[in-house]
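Here is the structure we will look at, set down as structure tokens.
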Amino acid sequence: MSMTDVAARGLTKSRMMPALVVALLGLSVLFVAGHAQTQTLHTAAHDSRHANGFPCH
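Heads up: the sequence shown begins at 366 in our numbering, then just goes up one per residue.
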């Protein structure tokens, strides 16, 4: 394995981690806010869940 292969793998991992964290944060916001009691927050999350194909309640 050459140094460029090692560097390329490190670069790929460093770019993937922020994307993975943001995706997980976004999904958790959709799932948690979908069960919130505040009507406005619940309605916004509910509409977002439907728009993205997530099941409802």
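Every residue, glycine too, gets a C-beta built ideally from N, C-alpha and C.
Inset, instruction - Output yes or no for whether 8 Å exceeds the beta carbon distance between arginine 414 and leucine 395. - result: yes
Inset, instruction - Grab the span of the alpha helix (DSSP H) containing histidine 407 for me, first residue to last. - result: 404-416
Legend entry - Counted within 10 angstroms of its Cβ, other Cβ atoms place histidine 411 as buried (16 or more) or exposed: buried
Legend entry - For glycine 418, the nearest candidate out of Leu392, Thr403 and His407 (CA to CA): Leu392
Inset, instruction - Kindly indicate which three-state DSSP category serine 396 falls into: helix, strand or coil? - result: The displayed chain sequence assigns phenylalanine, not serine, to residue 396. In the structure shown, phenylalanine 396 sits in a helix (DSSP, three-state: H, G or I).
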